[in-house]
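Participant: In the UniProt record's numbering, the protein residues as written are 1 to 277.
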Amino acid sequence: MASWDPQQYERFAEERARPFRELVARIPTTSAVAVVDLGCGPGTMTATLAERWPDAAVLGLDSSPAMIEAAARLATPQLRFQLADAGAWRPQRGSVDVIVANASLQWVPDHETLLPRWAAALDDGGTLAFQVPVSTSDRSRPPADGVSTPRPVSAEMFAEVAAAGPWAATLAGATDATGPRSASPVLPATEYVRLLSAAGLTVDAWETTYYHVLPGDDPVYEWFKGTGLRPYLDALAGADLEAFTSRMRQYLRQRYPREPFGTVLPFPRLFVVAHRA
Ligand SMILES: C[S@@+](CC[C@H](N)C(=O)[O-])C[C@H]1O[C@@H](n2cnc3c(N)ncnc32)[C@H](O)[C@@H]1O
Numbered sequence: 001m002a003s004w005d006p007q008q009y010e011r012f013a014e015e016r017a018r019p020f021r022e023l024v025a026r027i028p029t030t031s032a033v034a035v036v037d038l039g040c041g042p043g044t045m046t047a048t049l050a051e052r053w054p055d056a057a058v059l060g061l062d063s064s065p066a067m068i069e070a071a072a073r074l075a076t077p078q079l080r081f082q083l084a085d086a087g088a089w090r091p092q093r094g095s096v097d098v099i100v101a102n103a104s105l106q107w108v109p110d111h112e113t114l115l116p117r118w119a120a121a122l123d124d125g126g127t128l129a130f131q132v133p134v135s136t137s138d139r140s141r142p143p144a145d146g147v148s149t150p151r152p153v154s155a156e157m158f159a160e161v162a163a164a165g166p167w168a169a170t171l172a173g174a175t176d177a178t179g180p181r182s183a184s185p186v187l188p189a190t191e192y193v194r195l196l197s198a199a200g201l202t203v204d205a206w207e208t209t210y211y212h213v214l215p216g217d218d219p220v221y222e223w224f225k226g227t228g229l230r231p232y233l234d235a236l237a238g239a240d241l242e243a244f245t246s247r248m249r250q251y252l253r254q255r256y257p258r259e260p261f262g263t264v265l266p267f268p269r270l271f272v273v274a275h276r277a
């Protein structure tokens, strides 16, 4: 499992907060008793859920001890955090009003099983809302490295660098089935609409590409170092880690050139808000 660094993740706090806010703004649930944030990270955004639903008990779950340790500092009687794997979370039928999963489900496999289970957990008026990287949803496109399941563009770039260098054998053996290292569990938008409609929910799904303008040296490397590159960096050590890091920086500098105003990072995201009327 990839390790997470709350400080690195929060370096781009404003850019990372925006999809969360835009997702939650579309949730129609007005009053709530139980709210759950799956893959809550350092808890900063979970705290905004407690403000939006002041009468609800808000629970943030995350599988990273470092993230939960950071989040625990924000805990209040209304807002709690727990170390847990989102894939193993089994809520009772009708027991939850709002489930949010922002930028976390790309790390959790088997959406076909989990989403109907979470849909069943929603009480009347409840909402399941999540945001994930857009995968290369055109299934007819030949995959860059022979993997047939579509993946986010970032995962394709990392796989390309991972496969070409002295680190290739180590990284091939270090496949992390739950992260963007391997085929992404993210489905095309239409699959989510079908799956959640079949579960009795009304679905609002859309895609957005943010064009973040990032400051400083190697900002795209710094961005992904906190998220999608974690499984690769965790799997390497010593000279291989140094060489891979240097190659990755160079690759990302070429792919996302620095301009006088900063470096542009296109950030395509899929949003799904599914409501039980
Ligand atoms: C990109 S961060 C998003 C954090 C937060 N939702 C936000 O919007 O700022 C992804 C988070 O998902 C967590 N995560 C990854 N796999 C998970 C799993 N199987 N169960 C629970 N959390 C998981 C990671 O530990 C990390 O904190």
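Glycine residues also receive a C-beta, built at the ideal position from the N, C-alpha and C atoms.
Just so you know, these numbers come straight off a predicted model, no measurement behind them.
Indicate, with yes or no, if ligand 1 has a heavy atom lying under 7 Å from the CB of T48.
Facilitator: Checking the Cβ of T48 against ligand 1 gives no.
Participant: Tell me whether residue 281 sits in a helix, a strand or coil according to DSSP, three-state version.
Facilitator: Nothing in the structure corresponds to residue 281, since the chain is present only between 1 and 277.
Participant: Taking the alpha carbon of T190 as the point to measure from, which residue in F267, A235, F244, V134 has its own alpha carbon closest?
Facilitator: It is V134.
Participant: Measuring CB to CB, does A25 end up less than 8 Å from T127?
Facilitator: No. Outside cutoff.
Participant: W53 to S31, Cα distance in whole Å?
Facilitator: Roughly 6 Å separates the two Cα atoms.
Participant: Closer than 8 Å is the cut-off here; do at least three beta carbon pairs connect the stretch 65-72 with the stretch 42-49?
Facilitator: Output reads yes: the stretch 42-49 touches the stretch 65-72.
Participant: Beta strand (DSSP E) containing A34: first to last residue?
Facilitator: It spans 34-38 - the beta strand (DSSP E) in which A34 sits, taken as one unbroken run.
Participant: L61 and L79: beta carbons closer than 8 Å?
Facilitator: No, the Cβ-Cβ distance between L61 and L79 is not below 8 Å.
Participant: Can you give me the Cβ contacts of L270 inside the same chain, cut-off strictly under 6 Å, excluding the 5 residues immediately before and after it?
Facilitator: Cβ within range, chain order: V132, V134, A189, E207.
Participant: How about T227: is its Cβ closer than 7 Å to a heavy atom in ligand 1?
Facilitator: Yes - ligand 1 has a heavy atom lying nearer than 7 Å to the Cβ of T227.
Participant: With 16 as the cutoff for other CB atoms within 10 Å, does F261 come out buried or exposed?
Facilitator: So F261 counts as exposed.
Participant: If you count every other CB in all the chains shown that lies within 10 Å of the CB of P231, and 16 or more means buried, which is it?
Facilitator: With 16 or more Cβ atoms within 10 Å of its Cβ, P231 is classed as buried.
Participant: Could you give the first and the last residue of the continuous alpha helix (DSSP H) run that contains E10?
Facilitator: Premise fails: E10 is in no alpha helix (DSSP H) and is neither H nor E.
Participant: Can you tell me the Cβ-Cβ gap for S104 and A34, rounded? I've got them flagged as a contact below 8 Å.
Facilitator: So it is not a contact: roughly 19 Å between Cβ atoms.
Participant: Output the distance between the C-alpha atoms of A50 and P77, rounded to the nearest integer angstrom.
Facilitator: Cα to Cα, the separation comes out at about 11 Å.
Participant: Please list the segments of the alpha helix (DSSP H) lying wholly inside the stretch 233-260, counting only runs of 4 or more residues, in order along the chain.
Facilitator: Whole alpha helix (DSSP H) segments, 4+ residues: 238-255.
Participant: Reducing DSSP to helix, strand and coil, say where G262 ends up.
Facilitator: Here G262 sits in strand by DSSP.
Participant: What does the alpha-carbon distance come out to for the pair Y211 and F267?
Facilitator: Computed Cα separation, rounded: 6 Å.
Participant: Indicate, with yes or no, if ligand 1 has a heavy atom lying under 7 Å from the CB of W206.
Facilitator: Not under cutoff, so the answer is no.
Participant: Ends of the beta strand (DSSP E) at T209?
Facilitator: Here the beta strand (DSSP E) through T209 covers 202-214.
Participant: Expressed to the nearest angstrom, what Euclidean distance is found between the alpha-carbon atoms of V98 and L187?
Facilitator: One C-alpha to the other measures close to 22 Å.
Participant: Could you check what DSSP says for P133 in three-state terms: helix, strand or coil?
Facilitator: Strand, per DSSP.
Participant: Straight-line CA distance for R141 to A163?
Facilitator: Legend: pLDDT at R141 = 39, less than 50; position of this residue unreliable, no value from coordinates given.
Participant: Suppose you measure from the CA of F81 to the CA of L233; what does that come to, to the nearest Å?
Facilitator: Rounded to whole angstroms, F81 to L233 spans 27 Å at the Cα level.
Participant: Leaving out five residues before and five after A75 in sequence, what residues of the same chain have Cβ atoms less than 7 Å from its Cβ?
Facilitator: Excluding sequence neighbours, A75 sits near F81.
Participant: With a threshold of 16 other CB atoms inside 10 Å of the CB of G228, please say whether the residue is buried or exposed.
Facilitator: The residue is buried, with at least 16 neighbouring Cβ atoms inside 10 Å.
Participant: Please report the Cβ distance between L171 and A119, rounded to the nearest whole angstrom; I am assuming they are in contact, meaning their Cβ atoms lie under 8 Å.
Facilitator: With a Cβ gap of about 36 Å, L171 and A119 do not count as contacting.
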